[in-house]
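A short write-up of the structure that comes next.
Residue numbers (our numbering): 122 to 226.
Have a look at this one:
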């Protein structure tokens, strides 16, 4: 499990996906595959977590990166562009947001 602390100086990214229960399992499988085969091997990647709600209508991911540019470079890689095109077909919406940790408890 990755640690979230307010003294972290890198980039935190939280992504939310909205989907139907009909596509939830496949979407989670595709995300797990992307993280294990591509994202986790990208320069600057520190760690991540993937979560699905009980109704299987939302997935949330969080990841830590050494810096913002590392995350952006991973998204621009040909492999992730191809994977994301398919991932987008499995969800109603997808929103990645970059955050700085303000406090931890």
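Glycine included, every Cβ here is placed at the ideal spot set by N, Cα and C.
Item to check | Best match in 185, 145, 123 and 203 for proximity to residue 214 [C-alpha to C-alpha] | outcome: The sequence position of residue 214 within the chain shown is 93, counting from 1. Residue 145 is the option with its Cα nearest to residue 214.
Next on the checklist: Using 8 Å for Cβ pairs, my map puts residue 180 next to residue 171. What's the rounded Cβ distance?
Outcome noted: For the purposes of this step, residue 180 is identified with residue 59 of the chain shown, where counting begins at 1. For the purposes of this step, residue 171 is identified with residue 50 of the chain shown, where counting begins at 1. Right, their Cβ atoms sit about 7 Å apart.
Next on the checklist: On a Cα-Cα basis, can you pick out the residue from 147, 140, 205 and 135 that is closest to residue 176?
Outcome noted: Counting from one through the chain shown, the residue named residue 176 turns up at place 55. Considering only alpha carbons, the answer is 140.
Item to check | Straight-line Cα distance separating residue 195 from residue 130 | outcome: Reading the chain shown from its first residue, position 9 is the one you call residue 130. Reading the chain shown from its first residue, position 74 is the one you call residue 195. Spanning the two alpha carbons is a distance of roughly 19 Å.
Checklist entry - What are the start and end residues of the alpha helix (DSSP H) that includes residue 194? => result In the chain shown, counting from the first residue as 1, residue 194 sits at position 73. Where residue 194 is concerned, the enclosing alpha helix (DSSP H) stretches over 189–197.
Next on the checklist: Starting from residue 185, trace the beta strand (DSSP E) in both directions and tell me its first and last residue.
Outcome noted: Position 64 of the chain shown, counted from the first residue, corresponds to residue 185. Looking at the DSSP string, the run of the beta strand (DSSP E) that includes residue 185 is 179–186.
Item to check | Simplified DSSP state of residue 208, which is helix, strand or coil | outcome: As a working note, residue 208 is residue 87 in the chain shown. In this structure, residue 208 counts as helix in the three-state DSSP scheme.
Checklist entry - With a CB to CB cut of under 6 Å and the five nearest residues on each side skipped, what residues in its chain are close to residue 126? => result The residue you call residue 126 lines up with position 5 of the chain shown. Hits under 6 Å: 225.
Checklist entry - Using 7 Å as the limit for Cβ to Cβ distance, is residue 209 near chain D? => result No chain D is present in this structure, which holds just one protein chain.
Item to check | Between the CA atoms of residue 223 and residue 155 - distance to the nearest angstrom | outcome: If you number the chain shown from 1, residue 155 lands on position 34. If you number the chain shown from 1, residue 223 lands on position 102. Approximately 28 Å, taken between the alpha carbons.
Next on the checklist: Between residue 135 and residue 220, how many whole angstroms is the CB-CB distance? I'm expecting something under 8 Å.
Outcome noted: Residue numbering aside, residue 135 sits at position 14 when the chain shown is read from its first letter. Residue numbering aside, residue 220 sits at position 99 when the chain shown is read from its first letter. Indeed, because the Cβ distance is near 6 Å, the residues count as touching under 8 Å.
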